[in-house]
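**Q** For the sequence shown, position 152 matches number 152 in the UniProt record's numbering, and the numbering has no gaps at all.
Where a beta carbon is used, it is the ideal one built from N, C-alpha and C, also for glycine.
Here's a structure for you.
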Amino acid sequence: MADVVAVLDGRYPPAWAEEWDRVGLVLGEPSTGVRRVACVVDVVPETVDEALAAGADMIVAHHPLLLRGVSSVAATTYKGRIVHRLIRADVALYVAHTNADVADPGVSDALAARFGLTGLRPLHRPRPGSAADGPGRGIGRIGELPTPMTLAELTRQAAAVLPVTAWGVRAAGDPGRMVRTLAVSGGSGDSFLAEASVAGVDAFLTADLRHHPAGEHLAAGGPALLDAAHWATERPWLDDLAAHLRAALGVETVVSDLDTDPWTVHAAAPVPTTRSPAREG
Ligand SMILES: [Zn+2]
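Following this line, the structure appears as structure tokens:
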């Protein structure tokens, strides 16, 4: 396992993670052999089931299982039960989160690739002089679409090229607005709205956008917004992660396609309607 950890730490140095983040090896004996690695976005009972059923020796996850201070991993707790299952099955756990977001290639490169974006550059660069600072590195990517299209067309395309979720993709802004330059950021991108505006992109695709920040951003003349399911924006990276592990170590990989987005039901209005923002309260 030590060699897998070394490869992962090499591509996603833990020092590149945000200060609040918790990454790297979470569970596992470095001397244990690793033949098969399961790649997941979330460590939840269902993805652990998959990994154990697939005979994985190690799970590499995007989201930390243990982010905040922990005083118990008793099996009577939700996360403690996961810890117990993994240790009993002798399955290691490794997390690459914001250090994988900022890396080049990182999480948003895989997302950008789904749209065929070219001329990629970071949306949010690390603080100059910080550990993560370096050429090509940063959170989110900006690039040019192969063919300009309207926001309505881009929204349909996003729903078609991203992993399928109940949530799908919703967009904010004039449906007829032409989009040539697109910013994408895997995961919650609320905090990069201002940077997307400054960058002058035509649209910004991310997840977890909220009413007030989105509305105020648009009212100020910012780029159109596309809001996809959080899991769907990060799932593409798992393929890149798995390919790297296979190439660097010759290990077998299994990539989870289990949708771990909490939103499981979606209903569209039966008849397409267009609403004027002015009529909303
Ligand atoms: Zn995320």
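From the DSSP secondary-structure annotation, give me the bridge partner or partners of tyrosine 94.
**A** As a working note, residue 94 is residue 94 in the sequence shown. Answer is Leu25 and Val60, bridged to tyrosine 94.
**Q** Should glycine 168 be listed as close to ligand 1, given that the test is whether its C-beta is under 7 angstroms from any heavy atom?
**A** If you number the sequence shown from 1, residue 168 lands on position 168. Flag unset: Cβ of glycine 168 not near ligand 1.
**Q** Buried or exposed: glycine 281, going by 16 or more other Cβ atoms within 10 Å of its Cβ?
**A** Taking the first residue of the sequence shown as 1, we reach residue 281 at position 281. Below a pLDDT of 50, predicted positions are generally treated as unreliable, and glycine 281, at 47, falls in that range; the measurement from the model is reported next regardless. By the neighbour-count rule (16 or more Cβ atoms within 10 Å), glycine 281 is not buried but exposed.
**Q** Do the region 37-47 and the region 111-121 touch if we need at least three Cβ pairs shorter than 8 angstroms?
**A** no
**Q** Look up valine 164 in the DSSP assignment and say whether it is helix, strand or coil.
**A** The sequence position of residue 164 within the sequence shown is 164, counting from 1. Reduced to three states, the DSSP call for valine 164 is coil.
**Q** Along the chain, where does the alpha helix (DSSP H) containing histidine 244 start, and where does it finish?
**A** Looking up residue 244 in the sequence shown gives position 244. It spans 230-249 - the alpha helix (DSSP H) in which histidine 244 sits, taken as one unbroken run.
**Q** Could you tell me if the beta carbon of histidine 84 falls within a distance shorter than 7 angstroms of some heavy atom in ligand 1?
**A** For the purposes of this step, residue 84 is taken as the residue at position 84 of the sequence shown. Histidine 84: no, Cβ never under 7 angstroms from ligand 1.
**Q** Using the Cα positions of histidine 266 and alanine 229, report the straight-line distance between them to the nearest angstrom.
**A** Within the sequence shown, the letter at position 266 stands for residue 266. Within the sequence shown, the letter at position 229 stands for residue 229. Straight-line Cα distance between these residues: approximately 12 angstroms.
**Q** Taking 7 angstroms as the line, does the beta carbon of glycine 140 fall inside it for any heavy atom of ligand 3?
**A** Absent from the structure shown: ligand 3. Ligands present: ligand 1.
**Q** Measuring alpha carbon to alpha carbon, tell me which residue in Phe204, Ser256, Gly138 and Ile87 is nearest glutamate 144.
**A** On the sequence shown, residue 144 is found 144 positions in, with the first residue counted as 1. Comparing Cα positions, the closest option is Phe204.
**Q** Given a threshold of 16 other Cβ atoms within 10 Å of its Cβ, counted over all protein chains shown, does tyrosine 78 qualify as buried or as exposed?
**A** As a first step, residue 78 must be located in the sequence shown, where it is residue number 78. Label assigned to tyrosine 78: exposed.
**Q** Considering only residues of the same chain and omitting the five flanking positions on each side of aspartate 227, which have a CB-CB separation below 6 angstroms?
**A** Position 227 of the sequence shown holds residue 227. Result list for aspartate 227: Arg170 and Leu209, in chain order.
**Q** Helix or strand or just coil, what does DSSP make of glycine 281?
**A** The residue you call residue 281 lines up with position 281 of the sequence shown. Caution is warranted here: a pLDDT of 47 is assigned to glycine 281, below 50, making its placement in the model unreliable, and the coordinate value is therefore given only provisionally. Of the three classes helix, strand and coil, the one that applies to glycine 281 here is coil, per DSSP.
**Q** When the Cβ atoms of the region 54-62 are set against those of the region 127-139, are three or more pairs found closer than 8 angstroms?
**A** no
**Q** Measure the Cβ-Cβ separation of glutamate 234 and glycine 189 and say whether it is below 8 angstroms.
**A** Taking the sequence shown and counting its residues from 1, the one referred to as residue 234 is at position 234. Taking the sequence shown and counting its residues from 1, the one referred to as residue 189 is at position 189. Result no, Cβ atoms of glutamate 234 and glycine 189 do not sit closer than 8 angstroms.
**Q** Check whether the region 80-88 touches the region 209-221, taking contact to mean three or more Cβ pairs, one atom from each stretch, closer than 8 angstroms.
**A** no
**Q** When DSSP builds the beta bridges, which residues end up paired with histidine 124?
**A** Here residue 124 corresponds to residue number 124 of the sequence shown, with the count starting at 1. Beta-bridge pairing links histidine 124 to Ile139.
**Q** Enumerate in chain order the residues of its own chain whose CB-to-CB distance from valine 37 is below 8 angstroms, with the five nearest sequence positions on each side excluded.
**A** Counted from its first residue, the sequence shown places residue 37 at position 37. Around valine 37: Val4, Ala56, Asp57, Met58, Ile59, Val60, Ala242, Leu245, Val251, Glu252, Thr253 and Val254.
**Q** Measure the alpha-carbon distance for valine 102 versus valine 201 and round it to whole angstroms.
**A** By 1-based counting over the sequence shown, the position of residue 102 is 102. By 1-based counting over the sequence shown, the position of residue 201 is 201. Looking at the two C-alpha atoms, the distance is approximately 20 angstroms.
**Q** In terms of residue numbering, what span does the alpha helix (DSSP H) encompassing threonine 77 cover?
**A** Working through the sequence shown from its first residue, we reach residue 77 at position 77. Unbroken run through threonine 77: none, as it is neither H nor E.
**Q** Looking only at C-alpha atoms, which of Arg114, Ser71, Gly140 and Ala112 sits nearest to arginine 125?
**A** As a working note, residue 125 is residue 125 in the sequence shown. Comparing Cα positions, the closest option is Gly140.
**Q** Which runs of the beta strand (DSSP E) spanning at least 3 residues fall entirely within the region 183-211, listed in chain order?
**A** 203-207
**Q** If I measure Cβ to Cβ from alanine 54 and keep anything under 8 angstroms in the same chain, skipping five residues before and after, which residues do I get?
**A** The residue you call residue 54 lines up with position 54 of the sequence shown. Closer than 8 angstroms at the Cβ level, and outside the excluded window around alanine 54, lie Arg36, Ala38 and Val254.
**Q** Under 8 angstroms Cβ to Cβ from tryptophan 167, same chain only, skipping five residues before and after it: list those, please.
**A** What you label residue 167 is simply residue 167 of the sequence shown in a count that begins at 1. For tryptophan 167, where only same-chain residues beyond five positions count, the Cβ hits under 8 angstroms are Ala228, Ala229, Ala232, Asp261, Trp263 and His266.
**Q** Have a look at Arg177, Phe192 and Met178 and flag the residue whose alpha-carbon is nearest the alpha-carbon of valine 184.
**A** Position 184 of the sequence shown, counted from the start, is the residue given in the question as residue 184. Minimum Cα-Cα distance from valine 184 among the listed residues Arg177, Phe192 and Met178 corresponds to Phe192.
**Q** Which same chain residues, not among the five before or five after leucine 123, have their C-beta less than 7 angstroms away from its C-beta?
**A** Looking up residue 123 in the sequence shown gives position 123. Within the same chain, leucine 123 has close Cβ partners Gly138, Ile139, Gly140, Arg141, Ile142, Ala183, Ser185, Phe192, Glu195, Ala196 and Ala199.
**Q** If you draw a straight line from the C-alpha of valine 164 to the C-alpha of proline 128, how long is it?
**A** Position 164 of the sequence shown, counted from the start, is the residue given in the question as residue 164. Position 128 of the sequence shown, counted from the start, is the residue given in the question as residue 128. Taking the straight line from one Cα to the other gives about 37 angstroms.
**Q** Is it right to say leucine 147 is buried, meaning 16 or more other beta carbons lie within 10 angstroms of its own, or is it exposed?
**A** Residue numbering aside, residue 147 sits at position 147 when the sequence shown is read from its first letter. Note that residue 147 is threonine in the sequence shown here, rather than leucine. Exposed is the call here.
**Q** For the alpha helix (DSSP H) that threonine 260 lies in, which residues bound it at each end?
**A** Within the sequence shown, the letter at position 260 stands for residue 260. Counting along the chain, threonine 260 falls outside any alpha helix (DSSP H), and DSSP gives it neither H nor E.
**Q** Excluding five sequence neighbours on each side, which residues of the same chain lie with their C-beta closer than 8 angstroms to the C-beta of arginine 81?
**A** Here residue 81 refers to the residue found at position 81 of the sequence shown. Excluding positions up to five away in sequence, the list reads Pro45 and Ala75.
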